Amino acid sequence: MQPSSHTISLLLADARLPSGGHAQSSGVEPALLAGMPVADVPAFLRARARTTATVDAGTAVLARHAALDCIPVAPIERAWAARTPSRAIRDASKDLGRGLLRLAGRIWPEVRASLDGLDESPPRPLVLGAIAAHTGIDAESLVRLTVYDDMACAVAALLKLEPGDPAQGVAMVLDACSSIEPHVAAVSSITSTHQIPAASAPLSEAWSQAHALTTRRLFRA
Amino acid sequence: MTTTRIAVRAGHPRAQVDLVVGALAPRLVGRTSRTAHVALTAAGMLLLGGDRVEVEVDVGPDCTLELEDVGGMVAYRALGSTSQLTLAARVGSGGTLLWRALPLVVAEGALVDRRTRIDLDRGGRAVIRETVVLGRQGEAGGSLTSHLSIADPDGPVLTEDLDLDGSSPEPGVLGSERVLDAVIAIGFRPDPEPGSLELDQPGAVARHVGRHTHESSLDRVWASWAEQATSTAASRAAPEPTPAGVPHPR
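Protein sequences, first through last, are from chains P and X. Under my numbering, residues 829 to 1049 are what the first sequence spells out, in order. Under my numbering, residues 33 to 282 are what the second sequence spells out, in order.
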């Protein structure tokens, strides 16, 4: 019997999922290393949710469509890459995508076929979208899942980098996730690559680039 | 208001350059058979609330257009009325566009919607300079939404929306800084600069985010990348056209 799509959503959002999310800080470590005050983290996360995470969410929605309608995903990957100018951020997403695809390939082998034309390390939102298509996760849940996972990674990393009150971390995740609620319906209903959100975060992109070159880091990005 | 238009086609002995004056006035500074250098000046007071400024650029195959702003632009307090800046460029096969824009200053209370679209044919290149300053001295700055979309025949190369509002700074976007200076090279891979972003498709972005424009080191990057765009473009350009349109034998 197929598990419920809600269970799959919970599974994909679970930090214990063996797909490599624990190695990512969603831009938090790069920001702190660049000198951003810890007090700015909540606002940083809201900005990240509006920019990078929403680009990913829109990409995931389209990848889900592509898998359902059996259309090629290569143009979606290209649209995502055009919206992700930092190689460090692209590489981090591909690391996550590889881990997730390795797992998905075991549990839902048909996910691989939906990503035909991409290499072994597709960007994370493309893999998430393909999994969503094959497990019955709807587009709105996929948008929330994509953003939530990024925020949860950020706060888990924050607690390792700047130990503080874990309840405050939870509040930050909820605050950042709820800040994109007004946009969830629009992002989940896009149907073509030019509609994928493209909001950029220039400082965060620069920080990630610098972070990729430093040896003083715990996280990959 | 009339669209400002700049079009360059290879010609003999000099390139054919069509200039149409709109809100901005283009002026021919120099040309050869395949290159043109055009300066852009404001034809009136810009940028007031409700202004619509449109610029169309067409660079013919194997031509190089060097376009430079003569004065920067200030978007003034707009009382709720958005000003629109629309820039559309097409770069023909083997052509090169060098667009050196001076700073756009978004004064407190200004609302600016800027759209830049550049389409490159196969082998086309572009190097553009874009500088945004939030606020005049001592101001927090107004609101800017900027949509940049650069594509080649196979698809998008750089798609970027920038939403800035001086009254609500966002950490990771511009934070408390007020200057975003950028040099964007597309269609070739320029030598990397410290901190520059290497795009997935051939191209790169160098940025300076800071308090003041004079702290930016991007003048040097601009010069270097523009030089790389044209030197490699020249080496692969087709032979000079003759009056009959028949290439000279080499």
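No residue lacks a Cβ here, since even glycine has one placed at the ideal position from N, Cα and C. Everything numeric in this text was worked out from a predicted model, so none of it was measured.
Q. Going straight from the alpha carbon of X:Asp153 to that of P:Pro903, what length do you get?
A. For the purposes of this step, residue 153 of chain X is identified with residue 121 of the second sequence, where counting begins at 1. For the purposes of this step, residue 903 of chain P is identified with residue 75 of the first sequence, where counting begins at 1. C-alpha separation (whole angstroms): 18 Å.
Q. Going straight from the alpha carbon of X:Ala110 to that of X:Glu140, what length do you get?
A. The residue given as residue 110 of chain X occupies position 78 in the second sequence. The residue given as residue 140 of chain X occupies position 108 in the second sequence. Whole-angstrom Cα-Cα distance: 9 Å.
Q: With a floor of 4 residues, list each alpha helix (DSSP H) that falls wholly inside the region 983–1036 of chain P, ordered by position along the chain.
A: 994–1007, 1009–1016
Q: If I'm right that P:Ser847 touches P:Gly945 with Cβ under 8 Å, what's the distance once you round it to whole angstroms?
A: As a first step, residue 847 of chain P is located in the first sequence; it is residue number 19 there, counting from the start. As a first step, residue 945 of chain P is located in the first sequence; it is residue number 117 there, counting from the start. At roughly 22 Å, the Cβ-Cβ gap does not stay under 8 Å, so P:Ser847 and P:Gly945 are not in contact.
Q.
8 Å is my cut-off, CB to CB: does X:Thr191 come that close to chain P?
A. Taking the second sequence and counting its residues from 1, one reaches residue 191 of chain X at position 159. Yes, contact with chain P.
Q | Terminal residues of the beta strand (DSSP E) in which X:Arg41 lies | A | Translated into the one-based positions of the second sequence, residue 41 of chain X becomes position 9. 36–41 is the span of the beta strand (DSSP E), which, as asked, contains X:Arg41.
(Q) Under 8 Å, Cβ to Cβ, is there at least one residue of chain P near X:Val102? (A) Against the second sequence, residue 102 of chain X aligns to sequence position 70. No, X:Val102 lies away from the interface with chain P (no Cβ there is under 8 Å from its Cβ).
Q) According to DSSP, is P:Met829 helix, strand or coil? A) Stepping through the first sequence from its first residue, residue 829 of chain P is reached at position 1. If DSSP states are grouped into helix, strand and coil, P:Met829 belongs with coil.
**Q.** Interfacial residues, the region 236–254 of chain X to chain P, with Cβ spacing under 9 Å
**A.** Ala236, Val237, Arg239, Val241
(Q) Is there a Cβ of chain X sitting closer than 8 Å to that of P:Arg1048, yes or no? (A) Residue 1048 of chain P sits at position 220 when you count from the first residue of the first sequence. Answer no: the Cβ-Cβ gap between P:Arg1048 and chain X never drops below 8 Å.
(Q) Do X:Val159 and X:Leu97 have their beta-carbon atoms positioned less than 8 Å apart in this structure? (A) Reading the second sequence from its first residue, position 65 is the one you call residue 97 of chain X. Reading the second sequence from its first residue, position 127 is the one you call residue 159 of chain X. No, the pair does not count as a contact, with Cβ atoms beyond the cut-off.
(Q) I'd like the list of long-range same chain contacts for P:Ala1057, defined as Cβ closer than 8 Å, with 5 residues on each side in sequence excluded. (A) Any property of residue 1057 of chain P remains undetermined from this structure, which presents chain P solely from 829 to 1049.
Q: Taking only beta-carbon positions, decide if P:Pro900 is within less than 8 Å of chain X.
A: Here the question's residue 900 of chain P lines up with position 72 in the first sequence. By this cut-off, P:Pro900 is not an interface position.
Q. Smallest Cα separation from P:Ser833: which of P:Ile959, P:Met1000, P:Ala1040, P:Thr1042?
A. Position 5 of the first sequence, counting from 1, holds the residue named residue 833 of chain P. Among P:Ile959, P:Met1000, P:Ala1040, P:Thr1042, the Cα nearest to that of P:Ser833 is on P:Ile959.
Q: Please confirm if the region 850–865 of chain P is in contact with the region 895–915 of chain P, defined as three or more CB-CB distances below 8 Å between the two stretches.
A: no
Q: Output the distance between the C-alpha atoms of X:Arg132 and X:Ala68, rounded to the nearest integer angstrom.
A: Position 100 of the second sequence, counted from the first residue, corresponds to residue 132 of chain X. Position 36 of the second sequence, counted from the first residue, corresponds to residue 68 of chain X. In a straight line, the C-alpha of X:Arg132 is about 14 Å away from that of X:Ala68.
Q. What number of angstroms, rounded off, separates the C-alpha of X:Leu136 from the C-alpha of X:Val91?
A. Working through the second sequence from its first residue, we reach residue 136 of chain X at position 104. Working through the second sequence from its first residue, we reach residue 91 of chain X at position 59. Computed Cα separation, rounded: 24 Å.
Q: Assign P:Thr864 to one of three DSSP states: helix, strand, or coil.
A: The residue given as residue 864 of chain P occupies position 36 in the first sequence. According to the sequence displayed, residue 864 of chain P carries Met and not Thr. It is coil, neither helix nor strand.
**Q.** Backbone secondary structure at X:Glu225 - three-state DSSP
**A.** Here residue 225 of chain X is taken as the residue at index 193 of the second sequence, counted from 1. If DSSP states are grouped into helix, strand and coil, X:Glu225 belongs with coil.
Q: Can you tell me which of P:Asp977, P:Leu987, P:Leu973, P:Ile935 puts its alpha carbon nearest to the alpha carbon of P:His962?
A: Within the first sequence, the letter at position 134 stands for residue 962 of chain P. The shortest C-alpha separation from P:His962 is found at P:Ile935.
Q.
What residue range does the beta strand (DSSP E) around P:Val883 cover?
A. If you number the first sequence from 1, residue 883 of chain P lands on position 55. Taken as a continuous stretch (DSSP letters only), P:Val883 belongs to no beta strand (DSSP E), being part of the alpha helix (DSSP H) at 880–897.
Q: Taking only beta-carbon positions, decide if X:Pro45 is within less than 8 Å of chain P.
A: In the second sequence, the residue the question calls residue 45 of chain X occupies position 13. Not an interface residue.
Q: Would you verify that the beta carbon of X:Val164 is, or is not, closer than 8 Å to some beta carbon of chain P?
A: Your numbering for residue 164 of chain X matches position 132 in the second sequence. Answer no: the Cβ-Cβ gap between X:Val164 and chain P never drops below 8 Å.
(Q) Does the structure place the region 56–64 of chain X close enough to the region 872–883 of chain P that three or more beta carbon pairs sit under 8 Å? (A) no
Q: Give the DSSP-derived three-state secondary structure of X:Ser169 in the structure shown.
A: Counted from its first residue, the second sequence places residue 169 of chain X at position 137. Before going further, note that residue 169 of chain X is Gln rather than Ser in the sequence given. X:Gln169 falls in the coil class under three-state DSSP.
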